[in-house]
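Q: If you count the sequence shown from 1, position 339 lands on 1374 in the working numbering, and the numbers rise without skipping.
My questions all concern the structure below.
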Amino acid sequence: MKVLGFESSCDETGVALVETRLDGPPRLLAEALHSQVALHAAYGGVVPELASRDHIRRVLPLARQVLAEAGCALADVDLVAYTRGPGLAGALLVGAGVAVALAAALGKPALGVHHLEGHLLSPFLGDEAPAFPLVALLVSGGHTQLMQVEGVGRYTLLGETIDDAAGEAFDKSAKLLGLGYPGGPALARLADFGDPTAFALPRPLLHSANLDFSFAGLKTAVMTQARKLGPNICEQSRADLAASTQAAIVDVLVAKSLRALKASGHRRLVVAGGVGANLRLRETLDAGAARLGARIYYPPLALCTDNGAMIALAAALRLQHGLADVQRGGAFDVKPRWPLDEIAPMQRKTTDA
Ligand code: KG4
Ligand code: ZN
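Quick look at the structure:
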């Protein structure tokens, strides 16, 4: 069975074709992505109306490219998947509208996918798919959550951020350092030239008894430090502050993830979402997990940030597990705000970890 997936929740237009298999997770046949970074850079952040219009321009050429690369025709598609939410309303409507119209024209079903479930399951597109049960660290621009995952659609929330997400901490700190959008990768690049111990920044909730996160205080500390250094801050100090900020975020993410592994007794951790592309996070997690005898699974680097492959994959996995509520006909809606627990009842698990 072949699933064509569309992602358009924010500033990337992604299209991909995956094929289900009897003896393993779905296989990626082809994918294409258009990033709007250049379009929004001048504004210092995503401009929703520009994002929607650009999705409209890109989505069909990308779909044609994917089908051509896979050597498939539209008639070979069995299910059309799209990101139903959460995300920017106008941007979501483009992918959803195209997907549902295409499915209706082909006489095939369509399926709306939760963007975070796409991220969560994206490590199944890696070289070696993890087995269940596992712990998942979901670190994107809007979310920071630790989850226990018993299977597809069976998620238990272990802890989450009580204020800013990790990606937001990267982005806001990058802004304070005068780095452009997107801030996370820019801050990570600058951090390569800095000393992570140069500034003593807080590691909020590092020693709290639960698995929650908080990054708002860190942002304030970076702001205070940046103000002290003033507008004529030298390049080395900027790099040092970037490296110290990255180290503080990574330390907290790693400590809590390892604690979640210990508390759950699981030996597999999957890391998903844009911040999962951060190399210092990967190195530090790998080292910590090795000490615990645990194994970490990442999506391929290019599939950490938003993409169509994870949406096609999540739809295919849901379908395989009998969890897909597919739709037929032209009616659809999008859910700009959509808590993950609406698709997978999440029990909040308290832990004394
Ligand atoms: O998952 P994603 O692409 O979009 C959301 O669903 O939010 O995540 C985007 C977030 C942004 O905050 C971005 O700055 C961050 O991921 N990010 C990074 C890196 N690459 C992307 N943060 C730190 N280091 C990176 N290499
Ligand atoms: Zn995302």
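Where a beta carbon is used, it is the ideal one built from N, C-alpha and C, also for glycine.
The structure displayed is predicted, hence computed values, not measured ones.
(1) Between F1205 and the ligand KG4, is the CB less than 8 Å from at least one heavy atom?
(2) So which of G1343, P1374, L1348 has the shortest CA-CA distance to A1067?
(3) With C-beta atoms as the reference, is L1181 less than 9 Å away from A1171?
(4) Give every residue of the same chain whose Cβ lies closer than 6 Å to the Cβ of A1351, excluding the five residues on either side of it in the sequence, and list them in chain order.
(5) Could you check if K1409 is buried or exposed, using at least 16 other CB atoms within 10 Å of its CB as the buried criterion?
(6) Quick one: is N1313 buried, meaning 16 or more other Cβ sit within 10 Å of its Cβ, or exposed?
(7) Just curious, the beta strand (DSSP E) that K1037 is in, first and last residue?
(8) Can you list, in chain order, the residues of its chain with a C-beta nearer than 7 Å to that of G1215? Leave out the 5 residues immediately preceding and following it.
(9) CB I1268 to CB A1261, shorter than 9 Å?
(10) What are the boundary residues of the beta strand (DSSP E) that S1070 is part of?
(11) Spell out the partners DSSP gives R1315 in its beta bridges.
(12) Kindly indicate the opening and closing residues of the beta strand (DSSP E) around G1049.
(13) Do T1196 and D1247 have their C-beta atoms closer together than 9 Å?
(14) If you follow the beta strand (DSSP E) that T1340 is in, where does it begin and where does it stop?
(15) Evaluate D1275 with the Cβ neighbour count: other Cβ atoms within 10 Å of its Cβ, from every protein chain shown; 16 or more gives buried, anything less gives exposed.
(16) Quick one: does the C-beta of S1043 sit closer than 8 Å to a heavy atom of the ligand ZN?
(17) Quick one: residues in its chain with C-beta nearer than 7 Å to the C-beta of L1097, no 5 flanking neighbours on either side, listed in chain order?
(18) Identify which residue in Y1117, V1072, L1156, L1192 has its Cα closest to the Cα of P1374.
(19) Throw me the rounded Cβ distance for the S1249 and G1122 pair, which I believe falls under 8 Å.
(20) Any heavy atom of the ligand ZN inside 8 Å of the beta-carbon of S1175?
(21) Look up F1248 in the DSSP assignment and give the residues it is bridged to.
(22) In the DSSP assignment, the beta strand (DSSP E) including L1304 goes from what residue to what residue?
(23) Taking 8 Å as the line, does the beta carbon of T1048 fall inside it for any heavy atom of the ligand ZN?
(24) Between I1331 and E1152, how many whole angstroms is the CB-CB distance? I'm expecting something under 8 Å.
(25) Does chain B have any CB closer than 9 Å to the CB of P1266?
(26) Can you list, in chain order, the residues of its chain with a C-beta nearer than 8 Å to that of P1158? Leave out the 5 residues immediately preceding and following it.
(27) Hey, out of G1194, E1270, A1223, whose CA is closest to D1206's CA?
(28) Which two residues bound the contiguous alpha helix (DSSP H) that contains Q1382?
(29) Determine the direct distance from the alpha carbon of G1311 to that of D1198, and round the result to whole angstroms.
(30) Figure out for me which residue from L1137, R1302, Q1071 has the closest Cα to the Cα of T1340.
(31) For A1110 and R1303, what's the separation of their Cα atoms in angstroms?
(32) Determine which residues share a DSSP beta bridge with Y1332 and list them.
(33) Measure the C-alpha to C-alpha separation of D1360 and L1146 and round it to an integer number of angstroms.
(34) Could you tell me the alpha carbon to alpha carbon distance between T1280 and R1088, rounded to whole angstroms?
(35) Which residue from G1186, F1367, P1217, A1134 puts its Cα closest to that of V1082?
A: In terms of the structure at hand:
(1) yes
(2) Here the closest residue by C-alpha is G1343.
(3) yes
(4) V1038, V1053, T1055, P1061
(5) Because the chain is modelled from 1036 through 1388, residue 1409 falls outside the range shown and cannot be assessed.
(6) buried
(7) 1037-1042
(8) In its chain, beyond the 5 residues on either side, A1076, G1079, A1221 have a beta carbon closer than 7 Å to the beta carbon of G1215.
(9) yes
(10) 1059-1070
(11) BP columns for R1315 are empty, so no partner.
(12) Where G1049 is concerned, the enclosing beta strand (DSSP E) stretches over 1047-1056.
(13) In contact: T1196 and D1247 (Cβ atoms closer than 9 Å).
(14) Taken as a continuous stretch (DSSP letters only), T1340 belongs to no beta strand (DSSP E), as it is neither H nor E.
(15) buried
(16) Judged by the Cβ position, S1043 fails to qualify as a neighbour of the ligand ZN at the 8 Å threshold, every heavy atom of the ligand being at least this far.
(17) For L1097, the CB contacts under 7 Å within the same chain, skipping 5 residues up- and downstream, are T1048, V1050, A1067, H1069 in chain order.
(18) L1192
(19) Going by Cβ atoms, the distance from S1249 to G1122 rounds to 24 Å, so no, they are not a contact pair.
(20) yes
(21) BP columns for F1248 point to T1196.
(22) 1303-1307
(23) Shortest gap from the CB of T1048 to any heavy atom of the ligand ZN: 8 Å or more.
(24) That belief does not hold up - the Cβ atoms of I1331 and E1152 are roughly 20 Å apart, past 8 Å.
(25) No chain B appears in this structure, which consists of one protein chain only.
(26) A1164, P1165, V1305, V1306, A1307, Y1332, Y1333, P1334
(27) A1223
(28) Careful: Q1382 lies outside any alpha helix (DSSP H) and carries neither H nor E.
(29) 19 Å
(30) Q1071
(31) So the two alpha carbons sit approximately 39 Å from each other.
(32) According to DSSP, Y1332 bridges with V1305.
(33) 7 Å
(34) 35 Å
(35) The candidate whose alpha carbon is nearest that of V1082 is P1217.
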